[in-house]
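There are 2 protein chains.
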Amino acid sequence: MEAKRLGLQTVVFRQAPCIVGCSTIAGPKEGEGNLGSYIDTLVDDPLMGQPTPEKAERMLLYQACQDALAKANLTEDDMQLFIGGDLLNQIISSSYCARDLGIPFLGIYGACSSIVEGLGLGALIVDGDYADSVLVATSSHYQASERQFRYPIELNIQHKKSNQWTVTGAAAAVLSKTRTGPKITMATFGRVLDYGIRSPNDMGAAMAPAAADTLCRHFQDTGTSPGDYDLILTGDLAAVGQKLFVQLVKESDYTLDSKHMDVGAAIYKPEQRSGAGGSGCACSAIGILGYVVKEMLEGKLERVLAIATGALFSPVSNQQGDSIAGIAHAVVIEA
Amino acid sequence: MEAKRLGLQTVVFRQAPCIVGCSTIAGPKEGEGNLGSYIDTLVDDPLMGQPTPEKAERMLLYQACQDALAKANLTEDDMQLFIGGDLLNQIISSSYCARDLGIPFLGIYGACSSIVEGLGLGALIVDGDYADSVLVATSSHYQASERQFRYPIELNIQHKKSNQWTVTGAAAAVLSKTRTGPKITMATFGRVLDYGIRSPNDMGAAMAPAAADTLCRHFQDTGTSPGDYDLILTGDLAAVGQKLFVQLVKESDYTLDSKHMDVGAAIYKPEQRSGAGGSGCACSAIGILGYVVKEMLEGKLERVLAIATGALFSPVSNQQGDSIAGIAHAVVIEA
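Written as structure tokens, this is what we have:
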């Protein structure tokens, strides 16, 4: 059977690869948040006993990969590919993790959308019979991200209300077509949109147009509407971006109502003082591989459209006056 | 017909997607080098009239994409995906190029191996019927790379003999299965290898083990040997890395002899004072989409194994004492 391409951007998988094992890991702040009970492993020390947050991040990522493999009852040797990406310059967390895993590696970068870029690509590769099983993973770390994109936390720079708090954690999934588990049935790869936002303290606003574009494109390509999904999950728009997203979607004549949940807006409690909410590659990854997958396995969700968003910029592009572009990729996950 | 997977790492494409149009662009130094006559567009000003090398790099990339589309007699609207990656933090050259092209975007990162990661992945996506046509591109810029990975050129830091000179340029290819042109028949995705090299002035040595590993793995997976190829091209090992690569391959009982050409070692003339040779994403990309494709179209090459190598590190990982890991991806291109 041929893969069915709908419209320009959406792919419908013929064999619907399964998430045969997945795992999430995060720090104490995430454990105390609203989604704490959905995270498989909570660590007390966000530095993992390491001298730097960069070294800690790759430990979290490696641990998530090992836990996902164990849950799938498989090993590194069973994986044909490891697809990984993260926020750190030159995706060093993923590269060093790939070195330690020894699995052929495809490095990706979609900023905080990386988990869905990876799941979509991994599903495509398995669906097309180019691999039996692939491992997809991503990570982020509050301290490492702050000092790379904004200021070292030691400077104690006051956060703005629109600031988001990078999730310290990682998530990994094993995709395979020969086993059971939640299925990835479609993927919509997104375009890069730029509405001229220039503040690295307002990334939700920079990502909202791309999220709305990918969502509407998905509906148009597939002929579906919000009613066809139990949940429409966005990655890390957080409080500010979420409002803009809902507004943009409304202008395209779709009403999301209670169907929509944004992981960035949901992950922390108000008293945790996290500005507009969570962000980072691990934010949407924990939402999808923690919350969505667990709710599916418990029969509470049947069909979810998961959209992860990424802000595409660097401190250099920002200092040179470039605006912050956004991207969003989507996958449909079915129980 | 099912895609044929050989061994663990090599994929044989069932429909052999074609390079239906490609283009290369580079600066004056590359124009004066050994491969100058193979580069489609040579620019006089490596800064492209821009205030910064980062902004110049994305102009080179965008121009290469437009030229490749024009050669294929296609437009952005005919492309289902743009697969791009580059060396700059958060792959901003590719992201901004994706924004300006308006094509759904898969951001990748394989350091200087990005062009082959992209060609392999693009061929897989077209081969699997997930897209009719995809655009694959990469870029690098000497000034932008120096100041990001080592020192700003204004400091006039003396280069070491093992230093490589980042190629200022870009290359792009349109892959499609319904047309004619050089075919991509196989891809071998590489593992990350780390032999403990710690100097960012010695990247050829850091990449040589991965190049040898991917080459030997390709031979084992496919049952081929150097005799089956007219040319075995490596990306940017340059003088130092090339020697180590040949040594490692010899230890695995393969003799490359005159079959082997390294683009990094070949691209500049000795009198151009470029240390050990060229590097950067555009180095192997110009070797493959400039030299190899042109020689094929003139009937001088029939079957080429092209291996692009990447050094996986960041200045931060380097300052934190981490060694520099390497990766290499390979594709087979046939006339």
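So the sequence lines, in the order shown, correspond to chains A and B.
According to numbering that gives the first Met the number 0, the first sequence is numbered sequentially starting from 0.
According to numbering that gives the first Met the number 0, the second sequence is numbered sequentially starting from 0.
Think of the CB as a built atom: it goes at the ideal place given N, C-alpha and C, for glycine as much as any other residue.
Values in this document were obtained by computation on a predicted structure and should not be read as measured data.
Among the options, the one whose alpha carbon lies nearest that of residue i
| i | options | result |
| --- | --- | --- |
| residue 56/A | 68/A, 29/A, 141/A, 81/A | 141/A |
| residue 232/A | 264/A, 96/A, 268/A, 100/A | 264/A |
| residue 92/B | 43/B, 169/B, 159/B | 169/B |
| residue 36/A | 289/A, 295/A, 305/A | 289/A |
| residue 67/A | 148/A, 153/A, 180/A | 180/A |
| residue 241/A | 15/A, 252/A, 306/A | 306/A |
| residue 389/A | 318/B, 312/B, 297/B | As shown, chain A starts at 0 and ends at 334. That puts residue 389/A outside it, with no answer to give. |
| residue 315/A | 89/B, 14/B, 26/B, 44/B | 89/B |
| residue 47/B | 64/B, 26/B, 99/B, 126/B | 26/B |
| residue 59/B | 276/B, 252/B, 167/B, 38/B | 167/B |
| residue 235/A | 228/A, 69/A, 12/A, 205/A | 205/A |
| residue 40/A | 28/A, 308/A, 103/A | 28/A |
| residue 238/A | 252/A, 222/A, 268/A, 229/A | 268/A |
| residue 201/A | 13/A, 286/A, 274/A | 274/A |
DSSP state of residue i mapped onto helix, strand, coil
| i | result |
| --- | --- |
| residue 276/B | strand |
| residue 31/B | coil |
| residue 158/B | coil |
| residue 218/A | helix |
| residue 201/B | coil |
| residue 11/A | strand |
| residue 185/A | strand |
| residue 115/B | helix |
| residue 85/B | strand |
| residue 329/A | strand |
| residue 26/B | coil |
| residue 210/B | helix |
| residue 101/B | coil |
| residue 121/B | helix |
| residue 46/B | coil |
| residue 226/B | helix |
| residue 71/A | coil |
| residue 239/A | helix |
| residue 65/B | helix |
| residue 90/B | helix |
| residue 55/A | helix |
C-beta neighbour in chain B for residue i, strict 8 Å
| i | result |
| --- | --- |
| residue 54/A | yes |
| residue 165/A | no |
| residue 300/A | no |
| residue 193/A | yes |
| residue 232/A | no |
| residue 190/A | yes |
| residue 0/A | Confidence at residue 0/A is low in this model, with a pLDDT of 41, below 50, so its placement is unreliable and the value that follows should be read with caution. With 8 Å as the cut-off, residue 0/A does not count as an interface residue toward chain B. |
| residue 319/A | yes |
| residue 244/A | no |
| residue 80/A | yes |
| residue 183/A | no |
Short CB-CB distance (under 8 Å) between residue i and chain A
| i | result |
| --- | --- |
| residue 353/B | Here chain B has residues from 0 to 334 only, and residue 353/B is not among them. |
| residue 87/B | yes |
| residue 10/B | yes |
| residue 90/B | yes |
| residue 178/B | no |
| residue 315/B | yes |
| residue 149/B | no |
| residue 51/B | yes |
| residue 97/B | yes |
| residue 61/B | no |
| residue 210/B | no |
| residue 35/B | no |
| residue 103/B | yes |
| residue 237/B | no |
Are the stretch 319-331 of chain A and the stretch 202-211 of chain A in contact at 8 Å, needing three or more beta carbon pairs?
Touching, yes.
Does the contact criterion of 3 or more C-beta pairs under 8 Å hold for the stretch 69-86 of chain B versus the stretch 76-83 of chain A?
Result no; under three Cβ-Cβ pairs closer than 8 Å.
Would you check if there are 3 or more beta carbon pairs closer than 8 Å linking the stretch 248-266 of chain B to the stretch 39-55 of chain B?
Two segments are said to touch when three or more pairs of C-beta atoms, one from each, lie closer than 8 Å; by this definition the stretch 248-266 of chain B does not touch the stretch 39-55 of chain B.
Within the stretch 124-151 of chain A, ranges of the alpha helix (DSSP H) (whole runs, at least 4 residues):
Qualifying alpha helix (DSSP H) stretches, in chain order: 141-148.
At 4 residues or longer, and completely inside the stretch 241-324 of chain A: list those alpha helix (DSSP H) runs for me, N to C.
Within the stretch 241-324 of chain A, the complete alpha helix (DSSP H) runs of at least 4 residues are 262-265, 280-285, 292-296, 314-318.
Is the stretch 160-175 of chain B in contact with the stretch 15-32 of chain B, if contact means three or more CB pairs nearer than 8 Å?
Result yes; three or more Cβ-Cβ pairs closer than 8 Å.
If we count Cβ pairs, one from each stretch, closer than 8 Å, do we get three or more for the stretch 179-196 of chain A versus the stretch 119-126 of chain A?
Touching, yes, given that three or more Cβ pairs across the two stretches are closer than 8 Å.
Do three or more CB pairs link the stretch 150-158 of chain A to the stretch 98-112 of chain A at distances below 8 Å?
Short answer: they don't touch.
Would the stretch 127-138 of chain A count as touching the stretch 271-288 of chain A if we require 3 or more Cβ pairs under 8 Å?
In the pairwise beta carbon analysis, the stretch 127-138 of chain A is classified as touching the stretch 271-288 of chain A: at least three pairs are separated by under 8 Å.
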